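Visitor: In case it helps, UniProt numbering puts the sequence shown at residues 1 to 214. Sending over a structure as structure tokens; questions will come in a sec.
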Amino acid sequence: MLKHALLRSKQNGRLDTLTHTLLKHGEDRNLQLIASSVRDASDVSGRRRRNMLRHKNALSSYAQKPDAIVKEGDNRWKVFCGTRTDVSYEVVIGSPCDCDNKLNSHCQRCGICAYQVSCNCHEAYQAGVSCIHAHAVATFVEEARLLLGSANSQPGPLYSVMEDVGTSAEMYVESNVPRDGSPTRTAPDISAPPEDVLAQDRTKEAYQFSEGVS
1 MLKHALLRSK
11 QNGRLDTLTH
21 TLLKHGEDRN
31 LQLIASSVRD
41 ASDVSGRRRR
51 NMLRHKNALS
61 SYAQKPDAIV
71 KEGDNRWKVF
81 CGTRTDVSYE
91 VVIGSPCDCD
101 NKLNSHCQRC
111 GICAYQVSCN
121 CHEAYQAGVS
131 CIHAHAVATF
141 VEEARLLLGS
151 ANSQPGPLYS
161 VMEDVGTSAE
171 MYVESNVPRD
181 GSPTRTAPDI
191 SAPPEDVLAQ
201 DRTKEAYQFS
211 EGVS
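Here it is as structure tokens:
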């Protein structure tokens with residue numbers, strides 16, 4: 001296995017090349033084990049990021065359009081499309097949810113939960129992620145916000161688009177910061193062998209060619 005899988009059947013008796021190959025294989029294997037053990041956690045983190053992105057899109061699309069959200073009945077609102085006035089969607093807020101906070105299905109800005117709200121748009125069918133229209137209702141309609149069980153415990157909505165939208169770089173940093181606040185540690189890069197090892201290998205190959213050694 002070591003000769004055929006890792007060294008790819010190459011005849012190389014150098015100890016430093018073998019050591020580099022083993023180190024790289026060990027790192028790759030550790031990353032595979034870590035990825036498999038936290039696969040569920042990475043999905044939860046993805047929910048949080050998608051909810052934040054939907055909230056930012058709701059601010060960008062509806063902050064200057066107060067008439068785009070119209071009350072239709074008890075706990076029911078019509079939300080017009082941000083780009084087409086002839087298209088509208090229906091948002092309904094149901095009973096308070098009893099989901100676990102660890103699911104990250106609650107928006108940290110407006111408190112909307114995908115398991116408490118329903119919408120007939122195509123974005124509303126992603127598990128644990130509320131659509132842009134639900135975020136708009138929860139952010140700009142005071143009556144709707146009072147119906148959200150998590151609105152009091154979560155940070156309130158920010159009405160400043162420039163303050164809340166942020167940049168893609170900020171979202172990248174936010175998604176890569178550990179939740180416990182500890183600094184991110186970067187593993188040493190051993191994706192390529194040291195330059196002196198490569199130079200020595202080329203010298204060996206040149207020697208074998210000149211001496212007729214295969």
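Where a beta carbon is used, it is the ideal one built from N, C-alpha and C, also for glycine. From a predicted model like this one, the values you see are computed outputs, not experimental measurements.
#1: Within the chosen definition, does the region 126-146 reach the region 75-82 through at least 3 CB pairs nearer than 8 Å?
#2: Per DSSP, what kind of secondary structure is G46 in: helix, strand or coil?
#3: Do S118 and N51 come within 9 Å of each other at the CB atom, strictly closer than that value?
#4: Classify Y89 as helix, strand or coil using the three-state DSSP reduction.
#5: Can you name the start and end residues of the beta strand (DSSP E) that K69 belongs to?
#6: Looking at the strands, I want to know which residues DSSP matches up with residue 216.
#7: Who are the Cβ neighbours of V129 in its own chain at under 7 Å, not counting the five residues just before and after it?
#8: Quick check on the burial criterion: 16 or more other C-beta atoms within 10 angstroms. Buried or exposed for R109?
#9: Would G82 and I132 qualify as a contact pair, given that the criterion is a beta-carbon distance under 9 Å?
Guide: Taking the coordinates as given:
#1: yes
#2: helix
#3: No, these two residues do not count as a Cβ contact at 9 Å.
#4: For Y89, the secondary structure class from DSSP, reduced to helix, strand or coil, is strand.
#5: For the sequence presented, residue 69 should be read as Ile rather than Lys. Residue range 69-73 is occupied by the beta strand (DSSP E) that includes I69.
#6: Residue 216 lies beyond the range of the chain shown here (1 to 214); nothing can be said about it.
#7: R47, R50, N51, R54, A114
#8: buried
#9: yes
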